[in-house]
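Chains as they are written, first to last, in our numbering: chain A, 123 to 232; chain B, 15 to 126.
Data block below; observations after.
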């Protein structure tokens, strides 16, 4: 089955800890995206990558980092600098005008 | 002014009702218009996609774009309880692999 997978489904972060969210796609899409969703806020773009080994900051990149070493993978690290990380994180990919989303990772702070 | 504004909701309708969901946008450069449906605790799924002005129909769903008014709509006919979800409009300026700008979403509840 073609699609986007995200893991883990739930992630708990301790104060001062960096955590990494996984995103993998087998749709052969060039572009990949990370969004953060908070209640009542809609989707906000964190980072995006239109090609391997290249990525750009979105609207709320502070406290986050990414890498794009492979076409299929676009992991997101939530660093200790992100003071309010509790949210639903969504990964997406696109090969045209539309984007396709993964199932999401819910990050909670202990 | 925000680039895209969506009616805030929530919206509750009886089963079988016709539902109208709406967004407005501010920049005439936007050319691609999408509607996503998101069930609770799930990722959004693409429901409808249109380019430029006009209507597009898919089963009980119709997407309508009026570029002169900068207004997009999603109509749901014969609404079902399974349509209960959050609906997000999304717009982009260019075609392939471009950034999307999302509305905040409206939560629809269809009562049996």
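Ideal placement from N, C-alpha and C gives every residue a C-beta, glycine not left out.
It should be emphasised that the depicted structure is a prediction, and the values quoted were computed from it without experimental measurement.
Exercise. From residue 201 (chain A) to residue 139 (chain A), what distance separates their C-alpha atoms?
Worked result: Approximately 7 Å between the Cα atoms of the pair.
For this session: Determine which residues of the region 18 to 35 of chain B have a Cβ less than 7 Å from any Cβ of chain A, and write them out in chain order.
Result: Within the region 18 to 35 of chain B, no residue qualifies.
Exercise. Are any of the Cβ atoms in chain A nearer than 8 Å to that of residue 123 (chain B)?
Worked result: The C-beta of residue 123 (chain B) comes no closer than 8 Å to any C-beta of chain A.
For this session: With a cut-off of 8 Å on the beta carbons, I'd call residue 35 (chain B) and residue 87 (chain B) a contact; round off their distance for me.
Result: Right, their Cβ atoms sit about 7 Å apart.
Problem set entry | Identified DSSP bridge partners for residue 228 (chain A) | A:132, A:210, per the DSSP bridge assignment.
Exercise. Ordered along the chain, which non-local residues of its own chain (more than five positions away) have a Cβ less than 6 Å from that of residue 89 (chain B)?
Worked result: Around residue 89 (chain B): 34, 76.
Exercise. Given residue 117 (chain B), which residues of its chain have a CB within under 8 Å of its CB, disregarding the five upstream and five downstream residues?
Worked result: The residues are 18, 19, 20, 37, 102, 103, 104.
For this session: Inspect the beta-carbon positions of residue 79 (chain B) and residue 64 (chain B) and report whether they are closer than 8 Å.
Result: For residue 79 (chain B) and residue 64 (chain B), yes; Cβs fall inside 8 Å.
Exercise. Beta-carbon separation of residue 32 (chain B) and residue 91 (chain B) under 8 Å?
Worked result: For residue 32 (chain B) and residue 91 (chain B), yes; Cβs fall inside 8 Å.
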